[in-house]
Amino acid sequence: MAHTLVEKILLAHCDADDVRPGDVVTVRCDVVMANDVSGPVAFRAMEKMGADRVFDPERVVMVADHFLPAKDARSAELQARLQHWSEAHGVTYYGQGRGGIEHTLLCEEGWIVPGAVIAGGDSHTCTYGALGAFGTGLGSTDIASCLALGSFWQAVPETIEVELGGRPGRFVTGKDVILAVIAQIGVGGGTNAVLEFVGAGAEALSVDERLAVANMAVEAGSETGIFPADGAVADYLEGRARTEWAAERSDPDALFRQRLHIDLSELEPLVALPHLPGNVTRVSDAGSIPIDQVYIGNCANGTMTDLRQAASVLGGRSVHPRTRAIVVPATQAIWRRAADEGLLDLFVEAGAIVSTPTCGACFGGSNGVLAAGENAVSTTNRNFRGRMGSPESGVYLANAWVAAAAAVAGELVHPGAIA
Amino acid sequence: MRAEGVAVVVPGDDVDTDVMYPGAYLNIEDPEQMAQYLFEGFDATLRERLVDGTILVVGSNFGIGSSREHVPLAMKGSGVRGLVGRSFARIFYRNCVNLGLAIVACPAAVDVARDGSRIAIDAAGAVEVDGAVFDAPAAPPLVLELGAAGGLVEWTASRLGD
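Quick note, the sequences are listed as chains A and B, same order. In terms of this note's numbering, the first sequence opens at residue 963 and continues consecutively. In terms of this note's numbering, the second sequence opens at residue 9 and continues consecutively.
Here is the structure:
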C-alpha cells in the first residue's frame, strides 16, 4: 500500500500493521521535550499518575527558554523546578546560558533527525519537520504521559502536499512561503493534516528557511509541516546527529487530501496584519503604518540567516527615532557566531538592542512587551490580540528583511525602498 | 464520556488560546490559580458566568494557537464540564480529552443552543439541546476509553499499574 511520508514515520513508531488517516494509534517517542512553562505543569500531572521515573532519561530534554532570564520570583521558581526535576530524573537540561530557544536549539544540538518522532510541550514543535521529522505539539498532560510511558495517542493525519516551484526573488524568504500557504488555506485549513513541502523550490530552501516554514504549520492548524530530508539536511546533520537516520519520502501514488502549488518567483514579501496569522497581504499593499517596535527573533527566525538579512539592511543605517528594535539570536551558539561576524555590534551601532536568547516578548512574557496603541513588526509566528503585550497593541508578522526595513523607516515598508 | 449542564455561548470563530489565557500568566503552574485569568484577553466578564456544570458553546476552529493547557485547566477549575463547537483546533481538542472534559463537534447543536440552554453531551455520538437530539461524529474508541477512565492521568496511572 502506498503511504505518505508521515504515514511511514507513524507506522514505524506504532504497533499497527498499517495506518490510514483517521486511525488512532499509540505512537512511540524518540524525544520528549518540555520547557519552563509546560514542564512544571506536566510534572504535577506525572505525580498524579503515580509515575516516579521517566521512560528513558536518554530521550528526555528540558529547556528553560520562556521566562528567561526570570522576570520575577514566580518565573524563577519555574526554572528552578525544571532544573531540579531534570537533575533528579537524570535527563538533559539546557538552562540559562547553556542553550537557547528550544526548537532552534534541539535542531542545532542534533536531537532531531529525519524520520524521528518528537513530542514537545510547545505548539511550535512542528518546526522539526524542517529536518524531515514528525515533531508535534502537545499539552502538559500529554507530555506527562509521554514522560511516563514514552508514547502518545495520535489520529493519523491526512497530508496536504505543497509543491514549491521556481526561485524566490530578493527579499522573499521561508516566512513568505508559509504566510502564502496560510493565506491560501486559512488558519483552520490544515486541521487534522500535515503540510508536506516538495519540489525544486523546497529543495532550494536552506535549512534555516525551512525552519521558518515548518514553524508556522500549526498556524494553519496542522500537526506538523515536513520537508523530505535531502542533501541540505544531510549536510546540516553532519557531525551533529545523535542517532542514525534514513531519508524517506511519500510514495508517488500516496493519497493526499489536497495538493497546492506555489510559484516562489511570483511571491512578494508578505505581512500578516493584526490579529490573525491568516490575515495576509503584500507588504507593498499594506499601506504605511507607523511602527513602535521591531522584534527580530523567535524559535525559527533568530537564525544566522535572519540576522544576516537584518544586518544587511541595518548596516550603516539607524533605527528610526520613534522605533525601538530588539534582536534576539535564537541560541547561545548563534549569538556567539553573530558576534564573531560583527553583526551584534552592527545592530547596537544602529540603535537596536541585542537580547540573550529567550522566547521573551514573542508570547508577551517579558523582554519587550507592547503598550496599548503600539504596533510592532515581528518575525515571530503569532499576532493574536494581545499576543505581545497589551490587548490594544497590534502585531504585524513578516520576514527579517521587512522587519529591519521597518526599523529604519519607522513604518511598514517594502525592504526594496531601503536596501 | 457524558456531560450535562447549562450553556454559556462563547461568540466568534478562531478564538485563540492567547486571548483565553494571556502569556503573561503562564508563569503560574498551580491549576487552582489559573481560573482567575480565564478569558482575560477575550471577555473577562465571561468567567463570572461560569458555574459548576457549565457547557461552553463555541464556534469554528476554537482553541487555535498555543498548546498551553492552562486554558482547559482553568475551564475545568471554573466548573466547565464540556464543550460543543462547530470545530476545534487539534491541540486544544486533545487537551480537553486528556483532562476528562466532554468535547464534541456538532454544528447543528451550536445553531440552536442559547445561553441557558440545557445541554447533554455524549461523546459516543449525540448532543441534546433543550430536548432536541443531534447526531455528532462518534469519538474514536481510544478517545472514548480515555473519557471513560476520567482522563489521561487516570488512564496512564492504570497502565503503569499493569
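Cβ atoms here follow ideal geometry from the backbone N, Cα and C, with glycine treated the same way.
With distance defined between alpha-carbon atoms, name the residue in the options nearest to residue i.
{"i": "residue 1349 of chain A", "options": "A:1376, A:1299 and A:1236", "result": "A:1236"}
{"i": "residue 1258 of chain A", "options": "A:1358, A:1057, A:1129 and A:1110", "result": "A:1358"}
{"i": "residue 25 of chain B", "options": "A:1297, A:1183, A:1016 and A:1219", "result": "A:1183"}
{"i": "residue 1188 of chain A", "options": "A:1201, A:1157, A:1181 and A:1212", "result": "A:1157"}
{"i": "residue 1286 of chain A", "options": "A:1331, A:1066 and A:1088", "result": "A:1331"}
{"i": "residue 1318 of chain A", "options": "A:1085, A:1297, A:1327 and A:1364", "result": "A:1297"}
{"i": "residue 126 of chain B", "options": "B:119, B:132 and B:139", "result": "B:139"}
{"i": "residue 1176 of chain A", "options": "A:1216, A:1140 and A:1161", "result": "A:1140"}
{"i": "residue 155 of chain B", "options": "B:34, B:90, B:117 and B:95", "result": "B:90"}
{"i": "residue 1211 of chain A", "options": "A:1159, A:1306, A:1142 and A:1233", "result": "A:1159"}
{"i": "residue 145 of chain B", "options": "B:81, B:40 and B:117", "result": "B:117"}
{"i": "residue 1070 of chain A", "options": "A:1197, A:1356 and A:1147", "result": "A:1197"}
{"i": "residue 1075 of chain A", "options": "A:976, A:1191 and A:1104", "result": "A:1191"}
{"i": "residue 1144 of chain A", "options": "A:1081, A:1038, A:1223 and A:1366", "result": "A:1223"}
{"i": "residue 1098 of chain A", "options": "A:982, A:1082, A:1073 and A:1113", "result": "A:1082"}
{"i": "residue 988 of chain A", "options": "B:150, B:166 and B:165", "result": "B:150"}
{"i": "residue 74 of chain B", "options": "B:101, B:129 and B:68", "result": "B:101"}
{"i": "residue 1305 of chain A", "options": "A:1329, A:1336, A:1266 and A:1323", "result": "A:1266"}
{"i": "residue 1363 of chain A", "options": "A:1231, A:1342, A:968 and A:1238", "result": "A:1231"}
Please report how far the alpha carbon of residue i lies from the alpha carbon of residue j, in whole angstroms.
{"i": "residue 32 of chain B", "j": "residue 1334 of chain A", "result": "15 Å"}
{"i": "residue 1064 of chain A", "j": "residue 1292 of chain A", "result": "9 Å"}
{"i": "residue 159 of chain B", "j": "residue 61 of chain B", "result": "17 Å"}
{"i": "residue 1371 of chain A", "j": "residue 1201 of chain A", "result": "42 Å"}
{"i": "residue 1381 of chain A", "j": "residue 1127 of chain A", "result": "26 Å"}
{"i": "residue 1129 of chain A", "j": "residue 1049 of chain A", "result": "47 Å"}
{"i": "residue 1234 of chain A", "j": "residue 1244 of chain A", "result": "9 Å"}
{"i": "residue 1219 of chain A", "j": "residue 23 of chain B", "result": "25 Å"}
{"i": "residue 1264 of chain A", "j": "residue 1282 of chain A", "result": "22 Å"}
{"i": "residue 1013 of chain A", "j": "residue 11 of chain B", "result": "29 Å"}
For residue i, is the classification buried or exposed, using 16 other Cβ atoms within 10 angstroms of its Cβ as the cut-off for buried?
{"i": "residue 28 of chain B", "result": "buried"}
{"i": "residue 1119 of chain A", "result": "buried"}
{"i": "residue 1178 of chain A", "result": "buried"}
{"i": "residue 1310 of chain A", "result": "exposed"}
{"i": "residue 120 of chain B", "result": "exposed"}
{"i": "residue 1193 of chain A", "result": "exposed"}
{"i": "residue 1227 of chain A", "result": "exposed"}
{"i": "residue 1215 of chain A", "result": "exposed"}
{"i": "residue 963 of chain A", "result": "exposed"}
{"i": "residue 1163 of chain A", "result": "buried"}
{"i": "residue 1172 of chain A", "result": "buried"}
{"i": "residue 48 of chain B", "result": "buried"}
{"i": "residue 1205 of chain A", "result": "exposed"}
{"i": "residue 1314 of chain A", "result": "buried"}
{"i": "residue 1185 of chain A", "result": "buried"}
{"i": "residue 30 of chain B", "result": "buried"}
{"i": "residue 1027 of chain A", "result": "buried"}
{"i": "residue 1344 of chain A", "result": "buried"}
{"i": "residue 1060 of chain A", "result": "exposed"}
With H, G and I counted as helix, E and B as strand and the rest as coil, what does DSSP make of residue i?
{"i": "residue 965 of chain A", "result": "coil"}
{"i": "residue 1340 of chain A", "result": "strand"}
{"i": "residue 155 of chain B", "result": "helix"}
{"i": "residue 979 of chain A", "result": "coil"}
{"i": "residue 1198 of chain A", "result": "helix"}
{"i": "residue 146 of chain B", "result": "coil"}
{"i": "residue 1380 of chain A", "result": "coil"}
{"i": "residue 78 of chain B", "result": "helix"}
{"i": "residue 169 of chain B", "result": "helix"}
{"i": "residue 26 of chain B", "result": "helix"}
{"i": "residue 54 of chain B", "result": "helix"}
{"i": "residue 1302 of chain A", "result": "helix"}
{"i": "residue 1373 of chain A", "result": "strand"}
{"i": "residue 1311 of chain A", "result": "helix"}
{"i": "residue 1295 of chain A", "result": "helix"}
{"i": "residue 1318 of chain A", "result": "coil"}
{"i": "residue 1120 of chain A", "result": "strand"}
{"i": "residue 907 of chain A", "result": "One cannot answer for residue 907 of chain A here, as it falls past the ends of chain A, which runs 963 to 1381."}
{"i": "residue 1210 of chain A", "result": "coil"}
{"i": "residue 102 of chain B", "result": "helix"}
{"i": "residue 1351 of chain A", "result": "strand"}
{"i": "residue 1205 of chain A", "result": "coil"}
{"i": "residue 1330 of chain A", "result": "coil"}
Segments assigned alpha helix (DSSP H), at least 4 residues, entirely inside the stretch 983-1051 of chain A:
1000-1011 and 1035-1051
List in chain order: all unbroken alpha helix (DSSP H) runs of 4+ residues lying wholly within the stretch 1046-1115 of chain A.
1064-1070 and 1102-1111
To test your reading of the DSSP string, which unbroken beta strand (DSSP E) runs of 3 or more residues are found completely within the stretch 1146-1196 of chain A?
1155-1160
Can you give, in chain order, each stretch of the beta strand (DSSP E) that sits fully within the stretch 1233-1280 of chain A and has at least 3 residues?
1242-1244 and 1255-1259
Can you list, in chain order, the stretches of the beta strand (DSSP E) that have 3 or more residues and sit fully within the stretch 105-141 of chain B?
110-113, 126-130 and 134-137
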